[in-house]
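K.L.:
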Amino acid sequence: MGPKIFKALKYGTPVLFLLAAAWIIWAPPARIGYAPVQPIDYRHDIHAGAIGQKTFDGKEQYGIDCQYCHTGVTTSKKAGVPSMNTCMNCHILVGSSLPGVKTLKKFYAEKKAVEWVRIHNVPDHVRFPHAPHIKQLLKEGQPTKTACIACHGDVSSMKVVEQKESLNMGFCVNCHRDYRNDVEYKKHGVSTTCNTCHY
Ligand code: HEC
Ligand code: HEC
Ligand code: HEC
Ligand code: HEC
Ligand code: HEC
Numbered sequence: 064m065g066p067k068i069f070k071a072l073k074y075g076t077p078v079l080f081l082l083a084a085a086w087i088i089w090a091p092p093a094r095i096g097y098a099p100v101q102p103i104d105y106r107h108d109i110h111a112g113a114i115g116q117k118t119f120d121g122k123e124q125y126g127i128d129c130q131y132c133h134t135g136v137t138t139s140k141k142a143g144v145p146s147m148n149t150c151m152n153c154h155i156l157v158g159s160s161l162p163g164v165k166t167l168k169k170f171y172a173e174k175k176a177v178e179w180v181r182i183h184n185v186p187d188h189v190r191f192p193h194a195p196h197i198k199q200l201l202k203e204g205q206p207t208k209t210a211c212i213a214c215h216g217d218v219s220s221m222k223v224v225e226q227k228e229s230l231n232m233g234f235c236v237n238c239h240r241d242y243r244n245d246v247e248y249k250k251h252g253v254s255t256t257c258n259t260c261h262y
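According to the numbering used here, the sequence shown is numbered sequentially starting from 64.
1) Using the Cα positions of Cys235 and Pro102, report the straight-line distance between them to the nearest angstrom.
2) Compute the minimum distance between the beta carbon of Glu228 and the heavy atoms of ligand 2, and state whether it is under 7 Å.
3) Rounded to whole angstroms, what is the Cα-Cα separation between Cys132 and Val224?
4) With H, G and I counted as helix, E and B as strand and the rest as coil, what does DSSP make of Val189?
5) Over the uninterrupted alpha helix (DSSP H) stretch that includes Ala210, give me the two end residues.
6) Buried or exposed: where does Val136 fall if 16 or more other Cβ atoms within 10 Å of its Cβ makes it buried?
7) Does the Cβ of Ala176 have 16 or more other Cβ atoms within 10 Å, making it buried, or fewer, making it exposed?
8) Regarding His239 and ligand 4, is the C-beta to nearest heavy atom distance less than 7 Å?
9) Can you have a look at Arg181 and say buried or exposed, based on whether 16 or more other CB atoms are within 10 angstroms of its CB?
10) Quick check on the burial criterion: 16 or more other C-beta atoms within 10 angstroms. Buried or exposed for Gln124?
11) Which residue wins for smallest C-alpha separation from Asp108, given the options Gln116, Lys222, Pro145, Asn231?
12) Pick helix, strand or coil for Lys202, following the three-state DSSP scheme.
13) Whose CA, out of Ile127, Pro192, Glu203, Leu81, lies closest to the CA of Cys214?
14) Leaving out the 5 sequence neighbours to the left and right, which residues in its chain are closer than 7 Å to Ser220 when beta-carbon positions are compared?
15) Ends of the alpha helix (DSSP H) at His261?
16) Based on the DSSP secondary-structure assignment, which residues constitute the bridge partners of Glu123?
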């Protein structure tokens with residue numbers, strides 16, 4: 064029995080090791096399609112969709128810039144999710160008869176913070192800062208939303224936010240490699256070394 068175990072270890076260990084490595088790089092896109100129900104039926108399509116176009120169900124769109132609510136995207140690590148006060152800038156006056164706005168106002172009146180369900184997440188050992196990405200991806204004169212599409216899809220057309228990309232290591236490294244190989248960006252020093260993204 065003894066030698067058999069050694070044989071199993073000898074041939075089995077490298078196979079397990081390769082499987083583990085493959086898992087890490089191409090972790091299954093289990094989170095693609097994750098679109099949890101939120102405490103308030105806030106809709107990105109109505110608020111941030113292009114002005115002049117209608118949502119899929121025929122509602123007016125208001126073209127609010129992503130940065131009006133996600134204020135951190137060019138300045139900090141976190142994009143941030145807006146506070147109730149940001150919503151109330153408009154909803155003190157607008158949409159009072161709509162059920163979702165009624166729920167919002169109820170939270171506001173009771174001074175209860177809205178606990179939005181988090182959708183996109185990287186593990187604690189991964190460093191992901193928004194600001195350097197957005198500054199780089201946002202070309203002069205473009206609307207903010209064009210810089211979000213690579214990682215979040217076109218949120219401005221979503222009724223409910225849904226994760227569109229795996230955000231696994233292969234996804235991150237591929238784009239870094241593309242940039243590193245791009246002549247125009249060579250001098251930028253986009254890095255693929257481990258400690259760029261890992262603490
Ligand atoms: C009026 C405020 C407002 C505007 C404008 C806005 N958002 Fe949001 N965003 C929110 C709120 C509130 C949430 C949390 C609830 C949710 O997920 O729908 C959120 C959530 C998100 C999330 C998911 C965060 C997570 O938990 O992973 C992404 C991604 C996002 N927004 C991107 C965008 C993009 C891109 C734009 C511009 C096209 C935009 N948002 C415009 C208010 C806003
Ligand atoms: C810049 C102005 C503005 C801000 C800021 C804003 N909204 Fe709105 N919101 C609107 C307008 C305009 C409508 C459409 C009203 C209508 O159809 O009569 C709307 C509609 C809504 C609706 C109803 C959607 C439906 O199903 O028809 C909800 C719910 C809502 N907003 C929640 C929020 C929340 C939560 C925030 C903060 C994260 C927020 N809004 C921030 C302008 C704003
Ligand atoms: C290069 C990829 C990438 C781009 C581009 C990007 N994001 Fe993100 N975003 C992420 C990742 C990864 C997370 C999860 C971060 C974490 O877990 O710390 C995230 C999280 C978020 C969150 C959740 C709250 C937070 O602050 O972490 C919001 C909101 C958000 N992004 C909005 C945006 C908006 C708006 C844009 C465009 C201006 C944008 N993102 C562009 C990758 C990206
Ligand atoms: C769409 C392409 C793209 C994707 C996808 C992408 N990155 Fe980047 N990343 C860049 C570029 C371009 C830079 C260089 C920014 C600059 O000019 O400093 C960068 C820089 C970084 C930096 C260094 C920031 C600093 O402090 O200077 C980190 C850390 C990073 N990325 C982590 C990640 C992680 C983690 C992911 C996956 C969740 C990811 N990136 C996905 C393009 C991308
Ligand atoms: C461009 C950013 C980036 C670079 C560079 C990078 N990683 Fe990662 N790595 C990630 C992300 C993002 C994850 C999380 C994947 C997920 O959630 O599926 C990850 C996950 C991992 C894990 C899995 C841990 C777990 O939770 O299962 C290991 C191990 C790892 N990386 C090692 C490395 C090594 C070794 C290198 C250098 C050869 C490296 N990484 C370079 C972004 C990066």
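Backbone N, C-alpha and C fix where the C-beta goes; we use that ideal spot for every residue, glycine too.
P.N.:
Working from what's here:
1) 31 Å
2) no
3) 15 Å
4) strand
5) First-last for Ala210: undefined, no H or E at that position.
6) buried
7) exposed
8) yes
9) exposed
10) buried
11) Lys222
12) coil
13) Pro192
14) Asp108, Gly112
15) His261 -> no alpha helix (DSSP H), and no H or E assigned at all.
16) Lys117
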